[in-house]
Amino acid sequence: MRKLFVISFFIFAIDRILKIYFQGNEFFIFKYSLNPGAAFGLLRGWNNFLILFSIAVILFILYYRNNKKLETGMAFLLGGTLSNLIDRIFFQGVIDYIHLDFLNNVFNIADVANIIGAGILIYHFWKE
Numbered sequence: 096m097r098k099l100f101v102i103s104f105f106i107f108a109i110d111r112i113l114k115i116y117f118q119g120n121e122f123f124i125f126k127y128s129l130n131p132g133a134a135f136g137l138l139r140g141w142n143n144f145l146i147l148f149s150i151a152v153i154l155f156i157l158y159y160r161n162n163k164k165l166e167t168g169m170a171f172l173l174g175g176t177l178s179n180l181i182d183r184i185f186f187q188g189v190i191d192y193i194h195l196d197f198l199n200n201v202f203n204i205a206d207v208a209n210i211i212g213a214g215i216l217i218y219h220f221w222k223e
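To convert a position in the sequence shown, counted from 1, into our numbering, add 95.
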C-alpha cells in the first residue's frame, strides 16, 4: 500500500508543479491549454460527468488499495486522476501543457499516468 501512495504522490506532485509553472507561460514544446474534456480532447463539455467519474475511480482505487497485484497500475491512475480532478473542480477543465508536433492535442503528465495505469490494469485483468 505504501508503494501505491508514493507513486501516486510523485505523479501528482510533478503534474501539479508543471501545471502551476506553465499556467500562463509557453515554453519550448510546452503549450498552455485548458481542456474542458478528457485526455486528448475527448468528451468536451462533460466536466461534471468527468468529476463524478474521477471520484468513482478514486473510490475504486481506495477500496482495492491492498491488492498488491493492482498496486502499480492503481498508483499511476490515482496520481493522474487526483491531479486532473483538482483542475476540473477549480478551473472547469484540465490544464494541459505538452504539445507534440505529430499530435493535434495538448496533454499533461497526469494524462500519461492515467493511460499507463489503465494499461497496466487492463493487462493484469486480461492476463488472468
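Ideal Cβ positions, reconstructed from N, Cα and C, are used throughout, including at glycine.
In this text the structure is predicted, and so the values were computed from the model without any measurement.
Problem set entry | For residue 201: DSSP bridge partner residues | Beta-bridge pairing links residue 201 to 194.
For this session: May I ask you to list the residues that DSSP assigns as paired with residue 189?
Result: Bridge partners of residue 189: 130.
Exercise. Can we say the stretch 102-112 touches the stretch 200-207, given the rule of at least three CB pairs closer than 8 Å?
Worked result: With contact defined as three or more Cβ pairs closer than 8 Å, the stretch 102-112 and the stretch 200-207 are in contact.
Exercise. Cβ of residue 199 less than 8 Å from any chain B Cβ?
Worked result: The displayed structure is made up of one protein chain only, and chain B is not part of it.
Exercise. How many angstroms separate the CA atom of residue 199 from the CA atom of residue 216?
Worked result: For residue 199 and residue 216, the distance between alpha carbons rounds to 27 Å.
Exercise. Who are the Cβ neighbours of residue 132 in its own chain at under 6 Å, not counting the five residues just before and after it?
Worked result: If we look at residue 132 and ignore the five residues flanking it on each side, its Cβ neighbours are 138 and 139.
Problem set entry | Start and end residues, alpha helix (DSSP H) containing residue 142 | Note, residue 142: alpha helix (DSSP H), 142-158.
Exercise. Any idea if residue 223 is buried or exposed, counting beta-carbon neighbours within 10 angstroms, 16 or more meaning buried?
Worked result: Residue 223 should be labelled exposed.
Problem set entry | Three-way DSSP call (helix, strand, coil) for residue 138 in this model | Here residue 138 sits in coil by DSSP.
Problem set entry | N-terminal and C-terminal residue of the alpha helix (DSSP H) that residue 250 is part of | What is shown of the chain runs 96 to 223, which leaves residue 250 out entirely.
Problem set entry | Three-way DSSP call (helix, strand, coil) for residue 223 in this model | Three-state result, residue 223: coil.
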